[in-house]
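Positions 422 to 1036 (my numbering) are the ones given, in order, by the sequence shown.
Quick reminder that beta carbons are idealized off the backbone N, C-alpha and C, glycines included.
Quick caveat: nothing in here was measured; it's all calculated off a predicted structure.
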Amino acid sequence: MQVPSPSAREAASMYGTMVAVFLVILVAALQGSEPSESPWPHRVPLDPEGTLELAWNVSYPQETVHFRLLVRQPGAGVLFGMSDRGELQNADLVVLWTDGATTYFGDAWSDQQGQVHLDAQQDYQLLQAQRTPEGLSLLFRRPFSTCDPRDYLIEDDTVHLVYGFLEQPLPSLEALNTSGLRTGLQRVQLLKPDIPTPALPADTRAREIRVPNVTVPPETTTYWCHMALLPEGFSQHHIVMYEPVITAGNEALVHHMEVFQCSAEVEESHYSGPCDSKMKPQRLNHCRHVLAAWALGAEPFYYPEEAGLAFGGPGSSRFLRLEVHYHNPLKIRGRRDSSGIRLHYTATLRRFHAGIMELGLVYTPVMAIPPKETAFVLTGYCTDNCTRTALPPSGIHIFASQLHTHLAGRKVVTVLARDGRERAVVNRDNHYSPHFQEIRMLKKMVSVYPGDMLITSCTYNTEDRTLATVGGLGIQEEMCVNYVHYYPRTELELCKSAVDPGFLRKYFGMVDSFHSEDTCACPQASGPEQLSAPEQFQAVPWDSFSRDTLRALYGGAPISMHCNKSSAVRFQGEWELQPLPKIASRLEKPAPRCPARPSACPARPTVVVTGGGKG
């Protein structure tokens, strides 16, 4: 059923309703309420079919987001909103629905059972509802913070957008339960940094790294690897910008993409196929130097005017690996794709080479998360001793960041500490998803000087696991990494830590002593050969003692520092049995500001009058 256009009798009825509730939308009067600048710089398809498209604009002075939701097939209505992890329960919603005669728009929320309720505080304000040749266009706005406990706080981290389609009219909003709808989710960063776009050099050239018209497999998830080759004799250039190139019609299928440069030892490799195929050459695993990373909803990425990312030239491999993640939940068959990334580069090298540094935890099984944990935190350190050894006196300037964990990751944060005090947040994502990883420009550059510390903490959820999850390269293992982009490039490529292995052995011995011999996890139980750390973790009985003691170990034991050059060789110095850094003062998270409100009145939905036109 289509959202109805009002007849004369219905219009009269609607007019009476408007007078009664004082909340009807007056389209013409509110035309000027939308943002004045280029209206919709950000847009993303919400569902795989492209039925819903979201565009938005951010006003930082007003702390408000303006949304434009294009509904190509309105049916009996739609719901749209946000939730902590993309659930339709406990979600902050806005709903467009009809009772068969009148169409309504209302701020709503869902409870733990998915039952939808009209919110007592109407914070989504409808500005316009208009029929266009493309479909029904809804223009509405909402403050970042509403101070309504039912509402989602919009911050500059990942936002899980949820949506659903209403198939039948509703006698009232309270008759709606999300469990009976066709629903989905999409992840975006709504609050993009408000920074100026640098001008590109006059001699900028472009090169597209794209998959060669491949047939997207009819699988929910596919990672496609394609090798590309730079021209022979390609001299050193600076990448100054990159952007996605998406095959028309596949905007909802291409989830994210990355371009990697291979190490110099890769001299020949030609492959295009699934990344997990047994036919994939092993040497593709040596293509791990990130040149570009894009995720659905991300904007073109610009380097600061004074820096560029070097590629090409002597000692550099000519081979690049493009990795495309296809998300095809409808398992569409026969779809062809030639998507990829367009690199913009210049032969006129800028003042500084940009560098990429790994922060966080070493990929090692000595770091582990017990099973059935809801929020287990692991922390990796780039210590003051390492930055004092490896950074120039003038320091470095971090301008972008890419957070990374595997499937159990839920939150990631990196903070800068100086003289035992936290000074700045480099990057934080309290709604992090391993399925949405992009390089994000920082709102403000963070300068790091010799003697500073960079502390990266990751929060994990292992409620669905029965065994301990150890650190490592495998997708079922875990990582805690922040790839920070900075300039000027230094020799320091990896600044990470892990708990000292000797203290971990003491932990296993303590667990063995506490428990009966039947559950011994000690190395002697393996006979002549000592058990590996993963085997020892799997033997641990995960009661409260084992869990609390492991937390205490990671929160107090000495660490092994990896202060590494790009050659994977550590800088000269003492790096084992380093004391865990102490932080005396931590940053306080600023309290959200509550917008001014009109005098209280009963919550009512807005009656929708749709205008015609081309939008």
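Between V834 and S868, the C-beta spacing is not below 8 Å. Sequence-distant Cβ neighbours of T668 in its own chain, meaning closer than 6 Å and more than five residues away, are D758, S759 and S760.
A775 sits close to L730, with the two beta carbons spaced by under 8 Å. Excluding its 5 nearest sequence neighbours in each direction, G893 has C-beta neighbours in its own chain below 7 Å: Y784 and P786, listed in chain order. Collapsing the DSSP output to three states places M700 in coil.
In the DSSP assignment, F740 is bridged to L650. Counted as a single uninterrupted DSSP element, the stretch harbouring C807 is not any beta strand (DSSP E) but the alpha helix (DSSP H) occupying residues D805 to A811. The criterion of a C-beta distance shorter than 8 Å is not satisfied by L770 and V680.
The way I'd put it, the segment 898 to 918 does touch the segment 817 to 837; three or more beta-carbon pairs between them come closer than 8 Å.
A contact is defined here as three or more CB-CB pairs under 8 Å, and the segment 625 to 636 fails this definition with respect to the segment 561 to 572. Three or more Cβ pairs closer than 8 Å define a contact, and the segment 661 to 678 meets that threshold against the segment 712 to 724. Per the Cβ contact rule, the segment 744 to 755 is in contact with the segment 629 to 649 (3 or more Cβ pairs under 8 Å).
Annotated three-state conformation of S684 is coil, per DSSP. The continuous alpha helix (DSSP H) containing A960 extends over residues A954 to A960. With contacts defined as CB atoms closer than 8 Å, H581 and H852 qualify as a contacting pair. Beta-bridge partners of V1028 (DSSP): Y525. DSSP places T883 in the coil class of the three-state scheme, outside both helix and strand. Relative to R704, the option among D697, G694, V687 and D578 whose CA is nearest is V687. In this model, Y525 and H691 are separated by some 57 Å (Cα to Cα). Annotated three-state conformation of E664 is strand, per DSSP.
The continuous stretches of beta strand (DSSP E) do not include Y928, which lies in the alpha helix (DSSP H) extending over residues P922 to F935. Burial check for A719: the Cβ neighbour count within 10 Å reaches 16 or more, so the residue is buried.
Per DSSP, reduced to three states, the secondary structure at S558 is strand. In the three-state DSSP reduction, S566 falls in the coil class, being neither helix nor strand. With a threshold of 16 other beta carbon atoms within 10 Å, S593 falls short and is exposed. DSSP places G841 in the coil class of the three-state scheme, outside both helix and strand. Taking 8 Å as the cut-off, the Cβ atoms of N882 and A789 do not count as close. By the C-beta criterion, the segment 988 to 1003 is judged not to be in contact with the segment 474 to 489, since fewer than 3 inter-stretch pairs fall below 8 Å. Take the alpha-carbon of Q542 and the one of A1017: they are about 13 Å apart. Straight-line measurement puts the Cα of H487 at about 37 Å from the Cα of S1006. Inter-residue distance for I980 and T804 is about 10 Å (C-alpha atoms, whole angstroms). Looking at the backbone, the Cα of F773 and that of L780 are separated by about 21 Å.
For L971, the enclosing alpha helix (DSSP H) covers residues S965 to G977.
M778 is positioned such that its CB atom lies closer than 8 Å to that of C916. With distances taken between CA atoms, P617 lies nearest to E726 out of R493, E726 and H856. By the neighbour-count criterion, in which a residue is buried when 16 or more other Cβ atoms sit within 10 angstroms of its Cβ, R608 is buried.
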